[in-house]
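Visitor:
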Amino acid sequence: MPITDMLYGVLFRPVATFGRLAEEKPLARAVGVWSLALVFTALVNAGIFRGQLGSALPFPALTQAASNLMWLYGLMYVLFSLALWFVISAVYTVLGELLFGVANGRGILTCMALAGVPAAFGPAFYLLGEVLSLQSLSWLLMLGVSLWTLVLKILALRETLDIDTARAVVIWILPYLAAALPVILGVIVVIASIGTL
Amino acid sequence: MKQKLVTGIVIIFCLGVLVLAARWTPSDAGKGKIKVGQPAIGVVKVEGVLMSSGGTYGGTAGTADIMQALQEARKREDIKAVLLRIDSPGGSAVAAQEVGEEIDRVRAAGKPVVASMGDVAASGGYWIAASCDEIYANPATTTGSIGVITELLNVQGLFEKLGIRSEVIKSGPYKDMGSMNREITPEERQILEDLVGDVYQQFLEQVETGRKGKIKPEEVRALADGRVMTGKQAQKSGLVDTMGNYYDALDRARELAHIEGEPQVVELNSADPLTRLLSRFSASSLVNNNTRVPMAY
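Structure (C-alpha cells):
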C-alpha cells in the first residue's frame, strides 16, 4: 500500500485500511510515517514552548538557555513515544493472546503506529488557536483529536486481532486500569490517613 | 487521485503550521491590525465576579488573566496607557487586592491607568477602580458598595429533620469555625467580625489612597456603609471623576499618555468568541453571587 493511500485511509477510511494493514503489515513504512508525525509534533511543541518562554522567564539569557535545550526535549519526546508504542503494543499482543486467544504482534505494531498519526494535529490546532485568539475552539478541536485517536486505536486493535469492539475496548483499557490502580490505592490510603491527622 | 490531493493538502497544512511554529511568539496573539512600534493604549477587561482562581468562563473574572494582561501592558514599550474596562459586581477581596497591586506597578512604570465603568463596578469592582489614576462612569452605572461581608449557612435544623448528625474531632476550639452544622458561638462571631473589620480597613485604605485629594477620608468612611449608588451620585460624592463612556475614557487615557492623533487600541485579555458565548450562558446566574461567597465584600 502506498504511503499516500495509507495516510488517507487511516484518516478517512480507518476500518478498511486497518483491516488491510493487519494483513500486509508494512511495519517499516508505518513506523516511518509515525516517526515523521512525532518529529512534526516535537517541532510544533518546541515552537509553542519557545514562544511562551519569552513571556514566562524574566531574563533573556534564561530564555536563550532554555531554548537551546529544545532539541533535547524533542528527541526525548520522540524516543519516549517510540518506546511506549513498543511496550504498549507488546502488552496488547499478550492480552489478546491471554484473554481471547488471538495474536498479531507485527500487525498491532503497524496499526498502533498509524493510529497515533492524527494526534499530531493536536499541537497544530493549539498553535492556530493561540495565533488566531480562538483558544476555546482550539481546545475543542484538540479534544476531538484525542477522541479520534482513541477511537482509531480501538479500531486498530479490533481489525488487527479480528475481534469485536467490546473486546477491543477491554484490551485497550486494561493497561491503563493497571497503571491507575496504584494511584487509586494511594488515594484511598491518603483519604484513610487524613482521618488520623 | 483524490487520496493524493487530500494527503497533499494535509502535508501543506503541516508545513504551514511548522513555519508558524518557528515564527510565533505569544505577543502575536490578538494583535490584528496593530502597527508594531506605534504608541498604543492597552485595554484590560474586568468582567464578572472577581476570583483569585478560575478563568473567564461562567461569568467569573479570574485574576490570573487580568494580572497577566496588566504585566504585558507594563512591559510592552508600545503601550503608553491602560484603560481598565470594569463590569464587575465585586468578588474576592484578595482578587481585588492582587489586581490593585498590579495596577500600582503599571502606574509606577509611568503609564497612566484610567478606569471605565460599565453596568456595574461595585465593591471589589470599585476597589480596582479606586487604584486607577482616573475613574469614568456612566450616569446609570451601579457603583459603590464599599464594605465587606461574610455569610455563613446553618443547616443544623434541616440535618436534624433528616436524621443526619455530624461528629467533629478537632485540634482546637475554633478549628470548625463557620461549620454549617451548628450555631456560631459569641467568641467565633467576634473573631469573624475582627476578620471582616480588618479587610474593611484595607478596603478603606485603598480607596483613601487611590482617591487622595478627590475625597476626604472622613467622607469615604461616611459612604462606606455598603450602599450602592449610581455613577452620577458617585461623581457628586467624589468616588468617580467624570461622566463618560468607554470612548471618553479612551480619549482621556490618550491625553494622559500624550499620544498624538488617533491611538491604537490593543485588547490585552480579549476572550475569543466561543468563550464569550459560553460565559453569556451562565453569567446571568452569577449576578449578586458576591453576597454568598465567604469573605467577599
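In order, the protein sequences belong to chains X and H.
Every letter in the first sequence is one number past the one before it in numbering that gives the first Met the number 0, and letter 22, counting from 1, is 21.
Every letter in the second sequence is one number past the one before it in numbering that gives the first Met the number 0, and letter 19, counting from 1, is 18.
Note that CB positions come from ideal geometry on N, CA and C, so glycine has one too.
(1) Give me the residue from H:A39, H:A92, H:D247, H:V18 with the minimum Cα distance to H:F307.
(2) Using C-beta distances below 6 Å, list every residue in its chain close to H:K213, excluding the 5 sequence neighbours before and after it, in chain order.
(3) Touching or not, the stretch 219-228 of chain H and the stretch 75-90 of chain H, by the rule of three or more beta carbon pairs under 8 Å?
(4) Out of H:E186, H:V167, H:I190, state which residue places its alpha-carbon closest to the alpha-carbon of H:M179.
(5) Using three-state DSSP, classify H:T62 as helix, strand or coil.
(6) Starting from the N-terminal side, write out each stretch of the beta strand (DSSP E) that is 3 residues or longer and does not extend beyond the stretch 201-250 of chain H.
(7) Output the residue ranges of the alpha helix (DSSP H) runs that lie fully inside the stretch 89-142 of chain H and measure 4 residues or longer, sorted by chain position.
(8) Checking the sheet assignment: what are the DSSP bridge partners for H:M50?
(9) Check the DSSP bridge columns for H:Q263 and list the partner residues they point to.
(10) What is the residue span of the alpha helix (DSSP H) that X:D4 lies within?
(11) Note down the Cα distance separating H:I85 from X:E129, rounded to an integer number of angstroms.
(12) Return the CA-CA distance between H:K231 and H:I163, expressed in angstroms with no decimal places.
(13) Just to make sure I have the definition right: I need the residues of chain H whose C-beta is within less than 7 Å of the C-beta of X:L126. Which are they?
(14) Along the alpha helix (DSSP H) that carries X:R105, what are the first and last residues, could you check?
(15) Examine the Cβ distances between the stretch 104-112 of chain X and the stretch 152-167 of chain X and report whether three or more of them are shorter than 8 Å.
(16) List, in chain order, every chain X residue whose beta-carbon is nearer than 8 Å to that of H:K213.
(17) Apart from the five residues on each side of it in sequence, which residues of its chain come closer than 7 Å, Cβ to Cβ, to H:Q37?
(18) Are the C-beta of H:Q2 and some C-beta of chain X separated by less than 9 Å?
(19) Looking at the secondary structure, which residues open and close the beta strand (DSSP E) in which H:R22 lies?
(20) Where H:I33 and X:V186 are concerned, what is the direct C-alpha to C-alpha distance, given to the nearest angstrom?
(21) Which two residues bound the contiguous beta strand (DSSP E) that contains H:A80?
(22) Check each candidate in H:E261, H:W23, H:K1, H:G146 and name the one with the smallest Cα separation from H:G124.
(23) Please list the partners that X:T3 has in chain H, where partner means a Cβ-to-Cβ separation under 9 Å.
(24) Are the beta-carbon atoms of H:A63 and H:V265 separated by less than 9 Å?
(25) For H:S281 and H:S170, I'd like the C-alpha separation in whole angstroms.
(26) Does the beta-carbon distance from H:S130 to H:V112 come in below 9 Å?
(27) Would you grab the beta carbon distance between H:V98 and H:I127 for me? Rounded to a whole angstrom, and I think it's under 8 Å.
(28) Between the stretch 130-149 of chain X and the stretch 63-82 of chain X, do at least 3 Cβ pairs fall closer than 8 Å?
(29) Compute the distance between the beta-carbons of X:T40 and X:Y7, then report whether it is under 9 Å.
(30) Count the other CB atoms within 10 Å of the CB of X:T92; is the residue buried (16 or more) or exposed (fewer)?
(31) Answer with buried or exposed for X:F124, where buried requires no fewer than 16 other C-beta atoms within 10 angstroms of its C-beta.
(32) Grab the span of the alpha helix (DSSP H) containing X:L83 for me, first residue to last.
(33) Straight-line CA distance for X:V182 to X:V188?
(34) Quick check: the stretch 15-23 of chain X against the stretch 15-22 of chain H, are at least 3 beta-carbon pairs closer than 8 Å?
(35) Using the C-alpha atoms, what's the distance from H:D118 back to H:V195?
(36) Can you give me the start and stop residues for the alpha helix (DSSP H) that X:K152 sits inside?
Guide: Reading off the structure:
(1) Nothing about residue 307 of chain H can be read from this structure; chain H reaches only from 0 to 296.
(2) Correct list, in chain order: G237.
(3) With the rule of 3 Cβ pairs closer than 8 Å, the stretch 219-228 of chain H does not count as touching the stretch 75-90 of chain H.
(4) Of the listed residues, the one whose Cα sits closest to H:M179 is H:V167.
(5) In this structure, H:T62 counts as helix in the three-state DSSP scheme.
(6) Listed in chain order, the complete beta strand (DSSP E) runs (minimum 3 residues) inside the stretch 201-250 of chain H are 227-229.
(7) Those alpha helix (DSSP H) runs which fall completely within the stretch 89-142 of chain H and span 4+ residues are 92-107, 123-129.
(8) Secondary-structure assignment with DSSP links H:M50 through a beta bridge to H:G61.
(9) According to DSSP, H:Q263 bridges with H:A39.
(10) X:D4 -> alpha helix (DSSP H) spans 2-11.
(11) So the two alpha carbons sit approximately 25 Å from each other.
(12) The alpha-carbon separation between H:K231 and H:I163 amounts to approximately 52 Å.
(13) What X:L126 touches in chain H: V16, L19, A20, W23.
(14) For X:R105, the enclosing alpha helix (DSSP H) starts and ends at 104-114.
(15) Put simply, the stretch 104-112 of chain X touches the stretch 152-167 of chain X. At least three CB pairs are less than 8 Å apart.
(16) Residues of chain X whose Cβ lies closer than 8 Å to the Cβ of H:K213 do not exist, since the nearest Cβ in that chain is about 35 Å away.
(17) If you ignore the 5 residues before and after H:Q37, its C-beta comes within less than 7 Å of the C-beta of D77, Q263, all in its own chain and listed in chain order.
(18) Interface residue, yes.
(19) Unbroken run through H:R22 is the alpha helix (DSSP H), 1-22; no beta strand (DSSP E).
(20) With a pLDDT of only 48 at H:I33, under 50, the local geometry of the prediction cannot be trusted, and the value read off the model is given with reservation. Between H:I33 and X:V186, the alpha-carbon positions lie close to 50 Å from each other.
(21) Per DSSP, H:A80 belongs to the beta strand (DSSP E) from 78-87.
(22) Per the Cα distances, H:G146.
(23) Near X:T3 (Cβ distances below 9 Å), the residues of chain H are Q2, K3, V5, T6, G7.
(24) Judged by beta-carbon spacing, H:V265 lies beyond the 9 Å limit of H:A63, meaning their Cβ atoms are not closer than that value.
(25) With a pLDDT of 46 at H:S281, under the threshold of 50, the modelled position of this residue cannot be trusted; read the value that follows with caution. Going by the C-alpha atoms only, they are around 40 Å apart.
(26) Going by beta carbons, H:S130 and H:V112 fall inside the 9 Å limit.
(27) 5 Å between Cβ atoms; contact.
(28) Under the Cβ criterion (8 Å, minimum of three pairs), the stretch 130-149 of chain X does not count as touching the stretch 63-82 of chain X.
(29) The answer is no: Cβ separation not under 9 Å.
(30) Label assigned to X:T92: buried.
(31) Answer is buried; the Cβ neighbour count reaches 16.
(32) For X:L83, the uninterrupted alpha helix (DSSP H) run begins and ends at 69-99, by DSSP.
(33) Spanning the two alpha carbons is a distance of roughly 10 Å.
(34) As far as the Cβ criterion goes, the stretch 15-22 of chain H does not touch the stretch 15-23 of chain X, which means the pair count is below three.
(35) One alpha carbon belongs to H:V195, the other to H:D118, and they sit about 27 Å apart.
(36) Per DSSP, X:K152 belongs to the alpha helix (DSSP H) from 134-160.
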